[in-house]
Amino acid sequence: MQRVVLITGATSGFGEATAEMFAKAGDKVIITGRRNERLLEFMTKHKECDIYPLCFDVTSKEAVFAAISSLPKEYKNIDILVNNAGLALGLEKANDVNLNDWETMIDTNIKGVLYVTKAVLPIMIERKTGYIFNLGSIAGNWPYEGGNVYGATKAFVKQFSFNLRTDLKGTHVRVTNIEPGFAKTEFSEVRFKGDKEKANNVYNGMQPLVGEDIANLIFTLSALPKHINVNSIEVMPTAQSWAGFFVERE
Ligand code: NDP
Ligand code: 8X3
74 MQRVVLITGA TSGFGEATAE MFAKAGDKVI ITGRRNERLL EFMTKHKECD
124 IYPLCFDVTS KEAVFAAISS LPKEYKNIDI LVNNAGLALG LEKANDVNLN
174 DWETMIDTNI KGVLYVTKAV LPIMIERKTG YIFNLGSIAG NWPYEGGNVY
224 GATKAFVKQF SFNLRTDLKG THVRVTNIEP GFAKTEFSEV RFKGDKEKAN
274 NVYNGMQPLV GEDIANLIFT LSALPKHINV NSIEVMPTAQ SWAGFFVERE
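This is the structure:
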């Protein structure tokens, strides 16, 4: 059956790959992001698919609610929400960080997820069906140097996903927190503020995850029978694992 899927941050990376996968499978896909030209390019590239573009910034409460309520009737009944829009800014230690970067991560990764969820939830609850995917991260589970607020925003997303699921009992609405490790998207380019060389170095000599891997995971989970809820799923490239504890020796 054709589903209505809303994906935040569908202009690149995981979001774009996920939009492509659902659209090619015949679902109705609402693609969103701030870069309207990318949304239009996506439409042109997938003319044969059922796609609706919505250009808005998830950090603006007003813009989020206005965008969701502007949806035409045939896209209103959202079955699947992918809260994917997000970013990391910088890898400096806490004391050296630009405070604006911390605020932008909080506004996007936390408040953005809250606004979009709150705008879409009533639709799912009323119809007693729905599936919310939140993009957490391994950074929400494991600390690393320079991960300070980025990791903390993703820990928020994880706990919010679990608490949301608790609140949603009896509604048949499912929630999964997706927790990927290193994935080659525009993520590192954004983190290093356009420094492509630094961004590419992150993935040097190893095989990172790519957008299609996460799209595939979301698509597969969305096809599970409705009595199954995968609460969270952590996924890393095989080449990535843990480094152990650091001990400062005298
Ligand atoms: P990309 O940078 O490729 O994509 C990020 C997307 O988020 C873009 O489409 C961007 O669209 C959108 N976005 C960012 N800020 C806003 C905003 N204020 N309003 C609306 N849209 C916004 O990165 P990824 O695909 O890798 O990241 C997707 C998610 O996955 C993020 O939440 C990230 O934290 C998470 N993640 C990424 C990992 C990785 O290693 N790549 C690993 C684990 C989690 P636009 O600029 O057009 O607004
Ligand atoms: C992105 C993965 O390890 O770069 O969330 O923080 S990591």
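In this note's numbering, the protein residues as written are 74 to 323. Don't be surprised by glycine CBs; every beta carbon is placed ideally from N, CA and C.
Problem - Assigned exposure category for Val-320 - 16 Cβ within 10 Å defines buried - result: exposed
Exercise for the section: With the ligand 8X3 as the reference, list in chain order each residue whose Cβ lies under 5 Å from any of its heavy atoms. Expected result: Ser-210 and Ala-212
Exercise for the section: Quick one: residues in its chain with C-beta nearer than 7 Å to the C-beta of Lys-257, no 5 flanking neighbours on either side, listed in chain order? Expected result: Tyr-276, Pro-281 and Val-283
Practice task
Return yes when the C-beta of Ser-234 is under 6 Å from any heavy atom of the ligand NDP, and no when it is not.
Solution key: no
Handout entry: chain C within 7 Å of Ala-167, Cβ atoms only
Key = In the displayed structure, chain C is absent; only one protein chain is listed.
Practice task
Give a single yes or no on whether Ala-167 has its beta carbon closer than 6 Å to a heavy atom of the ligand NDP.
Solution key: no
Exercise for the section: Would you be able to state if there are at least three C-beta pairs under 8 Å between the segment 132–139 and the segment 227–239? Expected result: no
Practice task
Label Ala-316 either buried or exposed according to how many other C-beta atoms from any shown protein chain fall within 10 Å of its C-beta, with 16 as the threshold for buried.
Solution key: exposed
Practice task
Express the C-alpha separation of Lys-101 and Leu-77 in angstroms, rounding to a whole number.
Solution key: In the sequence under discussion, the amino acid at residue 77 is Val, which differs from the Leu named in the question. For Val-77 and Lys-101, the distance between alpha carbons rounds to 5 Å.
Practice task
Have a look at the DSSP bridge pairing and note the partners of Tyr-204.
Solution key: Ile-153 and Arg-247
Handout entry: Contact the segment 113–123 vs the segment 166–186: 3+ CB pairs below 8 Å
Key = no
Practice task
Taking Glu-147 and Ser-210 to be in contact with their CB atoms under 8 Å, please state how far apart those CB atoms are, rounded to whole angstroms.
Solution key: Wrong, their Cβ atoms sit about 34 Å apart, outside the cutoff.
Exercise for the section: Just tell me which of Gly-254, Phe-318, Ile-287 and Leu-187 has its CA closest to the CA of Thr-311. Expected result: Gly-254
Problem - Residues near Ile-306 in its chain [Cβ-Cβ closer than 8 Å; skip 5 each side] - result: Thr-249, Asn-250, Ile-251, Glu-252, Leu-290 and Leu-294
Exercise for the section: Given a cut-off of 7 Å, decide if Gly-106 and Gly-82 are closer than it, judged by their beta-carbon atoms. Expected result: yes
Exercise for the section: Check whether the Cβ of Ser-314 sits closer than 6 Å to any heavy atom of the ligand NDP, and report yes or no. Expected result: no
Problem - Beta carbon of Gly-185 nearer than 7 Å to that of Val-246 - result: no
Problem - First and last residue of the uninterrupted beta strand (DSSP E) at Lys-101 - result: 101–106
Exercise for the section: With hydrogens ignored, establish whether the beta-carbon of Asp-174 is closer than 6 Å to any heavy atom of the ligand NDP. Expected result: no
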